[in-house]
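Residue numbers (the working numbering): 3 to 115.
Where is the CB? At the ideal position from N, CA and C, for every residue including glycine.
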């Protein structure tokens with residue numbers, strides 16, 4: 003499956019329970035897709051943390067979380083050669099959002115190559 007197909011599948015993460023906003027970067031830090039007002043504000047964080055944690059955990063890296071006072075925490079996932087940053091809704095539990103995103107990623111794995 004091509005890059006555009008992968009991005010269109012990953013872009014549907016907006017529909018996942020608990021997801022408020024998202025951003026997808028490639029392995030070079032370029033913003034490929036997003037649904038947020040100022041993606042440049044979090045793109046470097048998503049890329050830097052995703053790359054660092056992926057290199058530390060190799061294939062075992064699942065996600066990392068940054069907790070915010072407003073409870074719209076940032077979750078970062080490594081998937082299909084990209085880094086996915088998700089800002090969760092403040093009224094949904096972190097673990098519920100992570101579980102929903104992980105189920106989404108598992109379900110779409112075959113669609114993303």
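Outcome for residue i when other beta-carbon atoms lying within 10 angstroms are tallied against a minimum of 16
| i | result |
| --- | --- |
| residue 115 | Reliability of the predicted coordinates at residue 115 is poor, the pLDDT of 49 falling under 50, and no value is obtained from them. |
| residue 58 | exposed |
| residue 87 | buried |
| residue 106 | buried |
| residue 69 | exposed |
| residue 3 | Confidence is the limiting factor: at residue 3 the pLDDT is only 44, short of 50, which leaves the residue's position unreliable, though a coordinate-based value still follows. When all chains shown are included, residue 3 counts as exposed. |
Given residue i as reference, the closest of the options once Cα atoms are compared
| i | options | result |
| --- | --- | --- |
| residue 51 | 14, 80, 95, 19 | 80 |
| residue 85 | 49, 36, 75, 13 | 49 |
Residue i - containing alpha helix (DSSP H), residue span
| i | result |
| --- | --- |
| residue 110 | 96-110 |
Beta-carbon spacing of residue i, residue j below 9 Å
| i | j | result |
| --- | --- | --- |
| residue 25 | residue 41 | yes |
| residue 99 | residue 20 | yes |
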